[in-house]
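In this note's numbering, the protein residues as written are 1 to 147.
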């Protein structure tokens, strides 16, 4: 690979991500961003979680997860509750309203996926996803090795 291709790959990935997020935010009428949707999805799939675990599993800092959960709490999409057997432990739980907004976001995401990826066949979509996962795991490992 030529040296300049590395930076072009990074730049193209950034452009694609930015354009996709912009398109989603234009089409999705509720005031929820991608990070909030990812957090709601994690809570729906895995149940109540400590903020620190949620931050770690999504790759966010503790400060970022605090801001994110405060916004979700204000909108009524999550609850902050104390764990019954240890009142020092706080758990984040998705609400019915949170599930509703997540379902709407996932429907919009499905529509966008159909629009955006319609230029690719199913094999190409699978291949793209596999390549992205493989590269992500490699970079994650390299970051871990450098610590």
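Just so you know, even glycine gets a beta-carbon here, dropped at the ideal spot from N, CA and C. It should be emphasised that the depicted structure is a prediction, and the values quoted were computed from it without experimental measurement.
**Report entry** Closest residue to residue 79 among 109, 21 and 68 (Cα-Cα distance)
**Finding:** As a position in the chain shown, residue 79 is number 79, starting the count at 1. Cα-wise, what sits closest to residue 79 is 68.
Query - Secondary structure of residue 32, DSSP reduced to three states - result: Here residue 32 corresponds to residue number 32 of the chain shown, with the count starting at 1. Residue 32 falls in the coil class under three-state DSSP.
Requested in this report: Buried or exposed for residue 120, please, with buried defined as at least 16 other CB atoms from any protein chain shown within 10 angstroms of its CB.
Outcome: Locating residue 120 in the chain shown gives position 120, counting from the first residue. Exposed, because fewer than 16 other Cβ atoms sit within 10 Å of the Cβ of residue 120.
**Report entry** Limits of the unbroken beta strand (DSSP E) element including residue 83
**Finding:** The sequence position of residue 83 within the chain shown is 83, counting from 1. Under the DSSP assignment, residue 83 falls in the beta strand (DSSP E) whose first and last residues are 78-83.
Query raised in the report: Looking at C-beta atoms only, is the number of pairs between the segment 35-43 and the segment 55-68 that lie closer than 8 angstroms three or more?
Result: yes
Query raised in the report: Rounded C-beta distance between residue 149 and residue 43? I'm assuming under 8 angstroms.
Result: Only positions 1 to 147 of the chain appear in the structure, and residue 149 is not among them; the question remains open.
Requested in this report: Answer with buried or exposed for residue 117, where buried requires no fewer than 16 other C-beta atoms within 10 angstroms of its C-beta.
Outcome: Position 117 of the chain shown, counted from the start, is the residue given in the question as residue 117. That one is exposed.
**Report entry** Reduced DSSP category for residue 86 - H, G, I as helix; E, B as strand; rest coil
**Finding:** Here residue 86 refers to the residue found at position 86 of the chain shown. Strand, per DSSP.
Query raised in the report: Leaving out five residues before and five after residue 63 in sequence, what residues of the same chain have Cβ atoms less than 6 angstroms from its Cβ?
Result: As a position in the chain shown, residue 63 is number 63, starting the count at 1. So the list is empty, once near-sequence residues are dropped.
Query raised in the report: Hey, how far is the Cα of residue 60 from the Cα of residue 35?
Result: The residue you call residue 60 lines up with position 60 of the chain shown. The residue you call residue 35 lines up with position 35 of the chain shown. Spanning the two alpha carbons is a distance of roughly 9 angstroms.
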